[in-house]
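Participant:
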Amino acid sequence: MNAQEIHAKLKAQFGDAVGELTEAKIDPFVMVKSDKIVEICRFAKDEAGLDFNYCEDVTGIDWPTRNVIEVVYHLFSLKHRHQFVLKVEAARSQPSVPSVQGVWKAANWLEREVYDMLGVSFVGHPDMRRILLPDDWVGHPLRKDYQEAGGYHGVTNTRPDPLVKLGQKVEEERKAIAAAAPPPVAAPATATATNVAPAPASVPATAPATATNIAPAPTSVPAPAPVPATAPAPDKKESPNG
Amino acid sequence: MAETVERRILGRMSPSDEEIVINFGPQHPSTHGVIDFVTQTNGEIIRRSVPDIGYLHRGMEKIGETVGYPGFMPFTDRIDYLAAMFANEGYAMAVERLLKIDVPPRAKYLRAIAGELCRISNHWVAVGTMASDIGASTPLTHALREREAINDLLEELCGARLTFNYARIGGVSFDAPEGWGEKILNYLEHLESYIQEYDRLISLNQIYVKRLANVAVISPDQAIAYGLCGPNLRGSGISWDARRDLAYGAYPDFTFDVPVGQGKMGAVGDCWDRYAVRVLEMRESAKIIIQALAKLPEGEIMAKVARKPKPEPGEAIGRVESARGTMCYYVVSDGSEKAYRVRVRTGSFMAMGIIEEMSQGLMIADLIALIASLDVVAPEIDR
Numbered sequence: 001m002n003a004q005e006i007h008a009k010l011k012a013q014f015g016d017a018v019g020e021l022t023e024a025k026i027d028p029f030v031m032v033k034s035d036k037i038v039e040i041c042r043f044a045k046d047e048a049g050l051d052f053n054y055c056e057d058v059t060g061i062d063w064p065t066r067n068v069i070e071v072v073y074h075l076f077s078l079k080h081r082h083q084f085v086l087k088v089e090a091a092r093s094q095p096s097v098p099s100v101q102g103v104w105k106a107a108n109w110l111e112r113e114v115y116d117m118l119g120v121s122f123v124g125h126p127d128m129r130r131i132l133l134p135d136d137w138v139g140h141p142l143r144k145d146y147q148e149a150g151g152y153h154g155v156t157n158t159r160p161d162p163l164v165k166l167g168q169k170v171e172e173e174r175k176a177i178a179a180a181a182p183p184p185v186a187a188p189a190t191a192t193a194t195n196v197a198p199a200p201a202s203v204p205a206t207a208p209a210t211a212t213n214i215a216p217a218p219t220s221v222p223a224p225a226p227v228p229a230t231a232p233a234p235d236k237k238e239s240p241n242g
Numbered sequence: 001m002a003e004t005v006e007r008r009i010l011g012r013m014s015p016s017d018e019e020i021v022i023n024f025g026p027q028h029p030s031t032h033g034v035i036d037f038v039t040q041t042n043g044e045i046i047r048r049s050v051p052d053i054g055y056l057h058r059g060m061e062k063i064g065e066t067v068g069y070p071g072f073m074p075f076t077d078r079i080d081y082l083a084a085m086f087a088n089e090g091y092a093m094a095v096e097r098l099l100k101i102d103v104p105p106r107a108k109y110l111r112a113i114a115g116e117l118c119r120i121s122n123h124w125v126a127v128g129t130m131a132s133d134i135g136a137s138t139p140l141t142h143a144l145r146e147r148e149a150i151n152d153l154l155e156e157l158c159g160a161r162l163t164f165n166y167a168r169i170g171g172v173s174f175d176a177p178e179g180w181g182e183k184i185l186n187y188l189e190h191l192e193s194y195i196q197e198y199d200r201l202i203s204l205n206q207i208y209v210k211r212l213a214n215v216a217v218i219s220p221d222q223a224i225a226y227g228l229c230g231p232n233l234r235g236s237g238i239s240w241d242a243r244r245d246l247a248y249g250a251y252p253d254f255t256f257d258v259p260v261g262q263g264k265m266g267a268v269g270d271c272w273d274r275y276a277v278r279v280l281e282m283r284e285s286a287k288i289i290i291q292a293l294a295k296l297p298e299g300e301i302m303a304k305v306a307r308k309p310k311p312e313p314g315e316a317i318g319r320v321e322s323a324r325g326t327m328c329y330y331v332v333s334d335g336s337e338k339a340y341r342v343r344v345r346t347g348s349f350m351a352m353g354i355i356e357e358m359s360q361g362l363m364i365a366d367l368i369a370l371i372a373s374l375d376v377v378a379p380e381i382d383r
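Protein chains in written order, with the working numbering: chain Y, 1 to 242; chain Z, 1 to 383.
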């Protein structure tokens, strides 16, 4: 059966509780009334011709703009090889939907996952506990407005940026090299050799930025020591490569 | 948090002195990953065993909402690292349906070849670790030896041995390298003899058969009610295979059988049947690969897809027959560059749901056989 026939059959049985079939953009679905979902599922499973004996998936989607959480049921028939998608809506503040785990046992764990991830509680479910996250977890992660708590029992989920630390380390090394270097007048060439890249930044704009012309630079700059400190940005970029 | 884990999960502590609660896991060699089986036992007999999952939960579905459509592809590898080809393909198929893209035939064939190689490699691990869980350590080394050869072949195709990242939205990332087909055929020529060697070593071994036959029999009705899929469903005698019955990708072009459990050693749906289905499936996969290599069409391997695709609002389902059953991606688009919702329905998650019911009355050693025969992979359960 195709989606239109299945929809017509459900509509004939349940009337207004079954909404309209969405236009077949890609995979069509039908919105049904949440208090009828168990009856509809049982009918879909037992009615000859429909035989939806296989509950492929139960999942949920959060729509903060419409202030609802949709619970989505993917039904499948291994006998007729057809599939159908049912959806129910639940209010976002206190979402609650009747459980269909009495119809298909597969729904037991699937509904627990929806509860865990979206906070929809399924009425009549025998074991409504979190399934993937710990029992004392705060919040439901697949909600669009979920904020991470910043840690769990003292285990943080953030860490300092390793690049910042690396930059500091490189800067300290440069300072150490500069401090250990002999006075600038004695051997300007060796002192500037390691500072080829940052030197032009503090050198007057008239000085060309080529290595051969660095020699006159120290005469205009008091000492090579402040050179790295005044140009931190190119430092970080250049040094890991060099 | 005054309650113990056992009390939370089992609901109550054992009423008599005879019953004790033991934890299989989270670190236990036979749990196939980080899973805890909170098991209430009376002597050697299990009253109830409740899986406690989630140790490997990485929030894959949430990640799918935060990275763009193409960006989620490498993450799908990590959902099922033993059969990553299918995880790639399923996601690609769902997004291709959203974007209404036709995949070029050559890409479909390459996906089928790579997928079936991956299935053989996964089943080698499945049957090997099953033997090792039952207590025979040698067969695992044989199985891993065969798997290595396939890893080499797949590495030659896409550069990775485990997390392939091979499928792309609209095709595949690399064409088959020169001489790759011959290498595969060379391997498959010997596959039959390897399987026979393996059968002599373990499949028909009397000790092995006695450990598995008539143990944890899942009836066809139970299998369907719990939503089992793949080899676990077929092990219960139900002839259902998405490759044949949904005819996706290049599979309509190939002829192959769908092995089902027949109760050769005991009842239909026992642990041995689920095991045997996997061994038989390797042969079928080999058949498919040989046909695909013979018919491999020339042409493009990628359809024209935007760098940052923006599907129109809607939703699509992509189903593939993974090594662990029908893997189902449900992707909802709101018209932006990122998916509004990505849902991954996996075979391992469904298989774990049946353990609480099946474990009742089993011996402790049989619980290990049941877990092994379901071939669950922890990251695929937790995602």
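Beta carbons are placed, not taken as given, at the ideal position from N, Cα and C, and that holds for glycine.
List, in chain order, every chain Z residue whose beta-carbon is nearer than 7 Å to that of Y:Thr59.
Facilitator: Simply Tyr330 and Arg343.
Participant: For chain Z, check one thing: does any of its Cβ atoms lie closer than 7 Å to the Cβ of Y:Ile6?
Facilitator: For Y:Ile6, the answer is no, since every Cβ of chain Z falls outside 7 Å of its Cβ.
Participant: Under 7 Å between the Cβ atoms of Z:Gly128 and Z:Met302?
Facilitator: Cβ atoms of Z:Gly128 and Z:Met302: not closer than 7 Å.
Participant: Kindly list, in the order they appear in chain Y, the residues whose Cβ is closer than 7 Å to that of Z:Glu315.
Facilitator: Those within 7 Å of Z:Glu315 in chain Y are Ile26 and Asp27.
Participant: Any Cβ of chain Y within less than 7 Å of the Cβ of Z:Ala372?
Facilitator: By this cut-off, Z:Ala372 is not an interface position.
Participant: Output the residue ranges of the beta strand (DSSP E) runs that lie fully inside the stretch 79–142 of chain Z and measure 3 residues or longer, sorted by chain position.
Facilitator: Whole beta strand (DSSP E) segments, 3+ residues: zero.
Participant: Take Y:Arg129 as the anchor and find which of Y:Val120, Y:Asp136, Y:Arg112 and Y:Val123 has the nearest alpha-carbon.
Facilitator: Cα-wise, what sits closest to Y:Arg129 is Y:Arg112.
Participant: Do the stretch 130–137 of chain Z and the stretch 77–96 of chain Z meet, that is, are 3 or more Cβ pairs less than 8 Å apart?
Facilitator: Short answer: they don't touch.
Participant: Please list, in chain order, the chain Y residues whose beta carbon lies closer than 9 Å to that of Z:Arg97.
Facilitator: Chain Y residues near Z:Arg97: Ile26 and Asp27.
Participant: Measure the C-alpha to C-alpha separation of Z:Tyr91 and Z:Tyr208 and round it to an integer number of angstroms.
Facilitator: C-alpha separation (whole angstroms): 38 Å.
Participant: Taking 7 Å as the CB-CB cut-off, is Z:Tyr226 touching chain C?
Facilitator: Of the protein chains in the structure, Y and Z, none is chain C.
Participant: Anyone know if the C-beta pair for Z:Met130 and Z:Tyr275 falls short of 7 Å?
Facilitator: Yes; because the gap between Cβ atoms is below 7 Å, this pair is in contact.
Participant: Between the Cα of Z:Pro334 and the Cα atoms of Y:Thr59, Y:Arg42 and Y:Thr65, which residue gives the shortest distance?
Facilitator: The sequence shown places Asp at residue 334 of chain Z, rather than the Pro named in the question. Nearest C-alpha to Z:Asp334: Y:Thr65.
Participant: Using the rule of at least 16 other Cβ atoms within 10 Å of the residue's Cβ for burial, across every protein chain shown, is Z:Thr141 buried or exposed?
Facilitator: Classification of Z:Thr141: exposed, given that the 10 Å Cβ count is below 16.
Participant: Measure the C-alpha to C-alpha separation of Z:Met385 and Y:Asp16 and round it to an integer number of angstroms.
Facilitator: The requested residue 385 of chain Z does not occur in the structure, where chain Z is confined to residues 1 to 383.
Participant: Nearest by alpha-carbon distance to Z:Pro252: which of Z:Ile20, Z:Phe24, Z:Ala112 and Z:Tyr198 is it?
Facilitator: Nearest C-alpha to Z:Pro252: Z:Ala112.
Participant: Please decide whether Y:Lys105 counts as near chain Z, where near means a Cβ-Cβ distance under 7 Å.
Facilitator: Cβ-Cβ to chain Z under 7 Å: yes for Y:Lys105.
Participant: Give me the chain Z residues within the contact set of Y:Pro95, using Cβ-Cβ distance strictly less than 8 Å, ordered along the chain.
Facilitator: Going along chain Z, no residue has its Cβ under 8 Å from Y:Pro95, so there is no contact; the nearest lies around 16 Å.
Participant: Hey, Y:Ala90 and Y:Ser34 are a contact pair by Cβ (cut 8 Å); roughly how many whole angstroms apart?
Facilitator: Yes, they are in contact, since the Cβ atoms of Y:Ala90 and Y:Ser34 sit about 6 Å apart, within 8 Å.
Participant: Using three-state DSSP, classify Y:Pro200 as helix, strand or coil.
Facilitator: Confidence at Y:Pro200 is low in this model, with a pLDDT of 45, below 50, so its placement is unreliable and no value can be given for it.
Participant: Use the C-beta contact count for Z:Val103: other C-beta atoms within 10 angstroms, 16 or more gives buried, fewer gives exposed.
Facilitator: Z:Val103 comes out buried.
Participant: Grab me the residues of Z:Ser359's own chain with a C-beta within less than 6 Å of its C-beta, minus the 5 sequence neighbours each way, in chain order.
Facilitator: Hits under 6 Å: Ile46, Ser49 and Leu367.
Participant: Go through its chain and collect everything with a Cβ distance to Z:Leu110's Cβ below 7 Å, but skip five positions before and after it.
Facilitator: Excluding positions up to five away in sequence, the list reads Val172, Ala176 and Ile301.
Participant: With a threshold of 7 Å between beta carbons, is Y:Pro126 in contact with chain Z?
Facilitator: Y:Pro126 does not count as touching chain Z.
Participant: Z:Phe256 by DSSP, collapsed to three states: which one?
Facilitator: Reduced to three states, the DSSP call for Z:Phe256 is coil.
Participant: What are the uninterrupted segments assigned as beta strand (DSSP E) that are 3 or more residues long and contained completely in the stretch 29–80 of chain Z, given in chain order?
Facilitator: The qualifying runs are 36–42 and 45–52.
Participant: State yes or no: is the beta carbon of Z:Lys62 nearer than 7 Å to at least one beta carbon in chain Y?
Facilitator: Closer than 7 Å: yes.
Participant: Can you find the residues in the same chain that come closer than 8 Å, C-beta to C-beta, to Z:Leu144, ignoring five residues on each side of it along the sequence?
Facilitator: Closer than 8 Å at the Cβ level, and outside the excluded window around Z:Leu144, lie Trp124, Val125 and Gly128.
Participant: Assign Z:Gln196 to one of three DSSP states: helix, strand, or coil.
Facilitator: Z:Gln196: helix per DSSP, three-state reduction.
Participant: Measure from the C-beta of Y:Tyr115 to each C-beta in chain Z and report whether the shortest distance is under 7 Å.
Facilitator: Cβ-Cβ to chain Z under 7 Å: no for Y:Tyr115.
Participant: Z:Gly54 CB to nearest chain Y CB: under 7 Å?
Facilitator: Z:Gly54 counts as touching chain Y.
Participant: Taking DSSP as the reference, what is the three-state secondary structure of Y:Val32?
Facilitator: If DSSP states are grouped into helix, strand and coil, Y:Val32 belongs with the strands.
Participant: Quick check on the DSSP output: the beta strand (DSSP E) that includes Y:Tyr73 runs from which residue to which?
Facilitator: Element bounds for Y:Tyr73: Val68 to Phe76.
Participant: Please compile the residues from chain Z whose C-beta is within a distance smaller than 8 Å of the C-beta of Y:Leu78.
Facilitator: Within chain Z, the residues near Y:Leu78 are Ile224, Ile238 and Trp240.
Participant: Of the residues Y:Val85, Y:Arg92, Y:Val114 and Y:Ser93, which one's Cα is nearest the Cα of Y:Ser99?
Facilitator: For Y:Ser99, the nearest C-alpha among the options comes from Y:Val114.
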